[in-house]
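Asks: I have a structure here, written as structure tokens, and I will follow up with some questions on it.
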Amino acid sequence: MLDGAWIGQLLAAIFYLIVGVRLARLAFHTREPPERLLSNLFIFTGISYVLYIVPLVVTIEALWAPFNFAGRVSYIPAPIFIALFTREVFRRQSRLSTCMIYATSALLVVGVGGSALVGDWEGFSLGNPFFWCEWVGYTVPFAWAGLEAFAQYRSSLRRQRLGLCGRIVCNRLLLWASFGAVQVVVSIVLLCMYADFEANNAFSASFDVLAGALELISIALIGLVFFPPRFYQKLVTGTDDGMRGEKES
Amino acid sequence: MSDDLFSFVADELERCTPLDRLEARGTLRIVLKNSGLDPQSVTHRQFCVILGSVAPDELESRGVVAAQAICVALIAKVQSEPADRWKSGRDVDEIFDRLAGN
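Line order of the protein sequences matches chains V and R. Residue 157 in the working numbering sits at position 157 of the first sequence; the count goes up by one each step and never skips. Converting from the second sequence to the working numbering requires adding 249 to each position, the first position being numbered 1.
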């Protein structure tokens, strides 16, 4: 890994934890499930990132595998929470979405648990069938979230024409869809990264840079969804009062 | 008694027009789809807006006479009911508005 890559990962972890705590506060006030589910998603992501950082900064080799494994285990709830959020918001009455959540959970648990049982604690081995269970388990929920949000974005454009949906909300749906898409790209890049690692026994710097760039894009998208700066709201809505300018309700 | 808002409006539409049950529900579904809304999650306010804007043209195209007046009557009917009478799905727009702390 590139020297100092852990600093970027630590900042990403802090960012996700801040978003998670902010959403937890919102959920405390509203008592609504969507913000609670998202809060859990970002808190578990942040915790997992912190655990993944340890092997990058600690020189004791014996600690690398346990911390990588702990990072993998603590990441298991994150895709499950995004799948729960997608069902809660977009497909509340669909049985298929409930099946999707069970399938995702099973794949993640079998993937992480199974690879540990065969001695692959870090989960980098593409030759291990459990790796693929885990990979599908954490990729599909983000793809699903992206697709549902994009479909909803397209509907929201029609609602916007009737004055039923604000431009900023339309844009937020597009940003959320883009976040889902970027996470799928990250999963594909990780796949290539691990394949490269298996072949050369070292992580390539170019994949590191690519993964870092995608992480930055994810952070930017999440930032625009949950902490939209006033200039951005103004840009999207075309009004001085970006927050309320074109909002009907 | 209708158990959701969509069925309530569809029943009223069937009662006030020559459309049968299937036609009334089908027409309303098309109106909702064209407005980017879902029958399971459409809210009181959203239904009133589309009844006042998109629905009259759709009804006229199906040969319903005085579609505008019928829609005005339907709006009054919907508004006369308490908004919390029907269980509806989650309002996606409201959720995504709220998530940014608005």
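The beta carbon of each residue, even a glycine, is placed where N, CA and C say it ideally should be.
Taking its Cβ as the centre, do 16 or more other Cβ atoms sit within 10 Å of residue 244 of chain V, making it buried, or is it exposed?
Replies: What you label residue 244 of chain V is simply residue 244 of the first sequence in a count that begins at 1. Per-residue confidence for residue 244 of chain V stands at a pLDDT of 47, beneath the threshold of 50, marking its modelled position as unreliable; no derived number is given.
Asks: Is the distance from the Cβ of residue 315 of chain R to the Cβ of residue 280 of chain R below 7 Å?
Replies: Position 66 of the second sequence holds residue 315 of chain R. Position 31 of the second sequence holds residue 280 of chain R. No, the pair does not count as a contact, with Cβ atoms beyond the cut-off.
Asks: So the candidates are V/221, V/116, V/166 and V/178; which of them puts its Cα closest to the Cα of residue 278 of chain V?
Replies: Only positions 1 to 249 of chain V appear in the structure, and residue 278 of chain V is not among them; the question remains open.
Asks: Whole angstroms are fine: how far does the CA of residue 131 of chain V sit from the CA of residue 124 of chain V?
Replies: Locating residue 124 of chain V in the first sequence gives position 124, where the first residue counts as 1. Locating residue 131 of chain V in the first sequence gives position 131, where the first residue counts as 1. Cα-Cα distance, rounded: 7 Å.
Asks: Straight-line CA distance for residue 260 of chain R to residue 87 of chain V?
Replies: Here residue 260 of chain R refers to the residue found at position 11 when the second sequence is read from its first residue. Here residue 87 of chain V refers to the residue found at position 87 when the first sequence is read from its first residue. If you take the alpha carbons of residue 260 of chain R and residue 87 of chain V, they lie about 29 Å apart.
Asks: Am I right that residue 189 of chain V and residue 220 of chain V are in contact with their C-beta atoms under 8 Å? What's the rounded C-beta distance?
Replies: Counted from its first residue, the first sequence places residue 189 of chain V at position 189. Counted from its first residue, the first sequence places residue 220 of chain V at position 220. Incorrect: roughly 17 Å between the Cβ atoms, too far for contact.
Asks: Apart from the five residues on each side of it in sequence, which residues of its chain come closer than 7 Å, Cβ to Cβ, to residue 54 of chain V?
Replies: Walking along the first sequence from the start, residue 54 of chain V turns up at place 54. Contacts found: 63 and 67.
Asks: Which chain R residues sit within Cβ distance under 7 Å of residue 173 of chain V?
Replies: By 1-based counting over the first sequence, the position of residue 173 of chain V is 173. Chain R residues near residue 173 of chain V: 345.
Asks: So, with DSSP's three-state summary, where would you put residue 315 of chain R?
Replies: The residue labelled residue 315 of chain R in the question sits at position 66 within the second sequence. Looking at residue 315 of chain R - three-state DSSP - the assignment turns out to be coil, as it is neither helix nor strand.
Asks: If you draw a straight line from the C-alpha of residue 248 of chain V to the C-alpha of residue 159 of chain V, how long is it?
Replies: Counted from its first residue, the first sequence places residue 248 of chain V at position 248. Counted from its first residue, the first sequence places residue 159 of chain V at position 159. Because the pLDDT at residue 248 of chain V is just 45, under 50, the model does not fix this residue reliably, and the value given afterwards should be weighed accordingly. The alpha-carbon atoms of residue 248 of chain V and residue 159 of chain V are separated by roughly 11 Å.
Asks: Out of V/29, V/25 and V/70, point me to the one whose CA is closest to residue 40 of chain V's CA.
Replies: Counted from its first residue, the first sequence places residue 40 of chain V at position 40. Nearest option by C-alpha distance: V/25.
Asks: Within a Cβ cutoff of 7 Å, which residues of the same chain sit near residue 6 of chain V, ignoring the five residues on either side of it in sequence?
Replies: Here the question's residue 6 of chain V lines up with position 6 in the first sequence. If we look at residue 6 of chain V and ignore the five residues flanking it on each side, its Cβ neighbours are 53, 56 and 57.
Asks: Go through its chain and collect everything with a Cβ distance to residue 61 of chain V's Cβ below 8 Å, but skip five positions before and after it.
Replies: Within the first sequence, numbered from 1, the residue matching residue 61 of chain V stands at position 61. Answer for residue 61 of chain V: no residue qualifies.
Asks: Against chain R, which members of the stretch 80-114 of chain V pass a CB distance test of less than 9 Å?
Replies: Cβ contacts with chain R come from 88, 89, 90, 92 and 93.
Asks: Check the Cβ-Cβ distances between residue 245 of chain V and every residue of chain R, and say whether any is below 7 Å.
Replies: Translated into the one-based positions of the first sequence, residue 245 of chain V becomes position 245. Because the pLDDT at residue 245 of chain V is just 41, under 50, the model does not fix this residue reliably, and the value given afterwards should be weighed accordingly. No, residue 245 of chain V lies away from the interface with chain R (no Cβ there is under 7 Å from its Cβ).
Asks: So is residue 92 of chain V buried or exposed if we call it buried at 16+ other beta carbons inside 10 Å?
Replies: Your numbering for residue 92 of chain V matches position 92 in the first sequence. Looking at its Cβ environment, which holds fewer than 16 other Cβ atoms inside 10 Å, residue 92 of chain V is exposed.
Asks: Since residue 147 of chain V is in the alpha helix (DSSP H), which residue starts that stretch and which ends it?
Replies: Residue 147 of chain V sits at position 147 when you count from the first residue of the first sequence. Unbroken alpha helix (DSSP H) run through residue 147 of chain V: 129-161.
Asks: Alpha carbon to alpha carbon, what distance is there between residue 228 of chain V and residue 239 of chain V?
Replies: Taking the first residue of the first sequence as position 1, residue 239 of chain V is located at position 239. Taking the first residue of the first sequence as position 1, residue 228 of chain V is located at position 228. Answer to the nearest angstrom: the Cα atoms are 15 Å apart.
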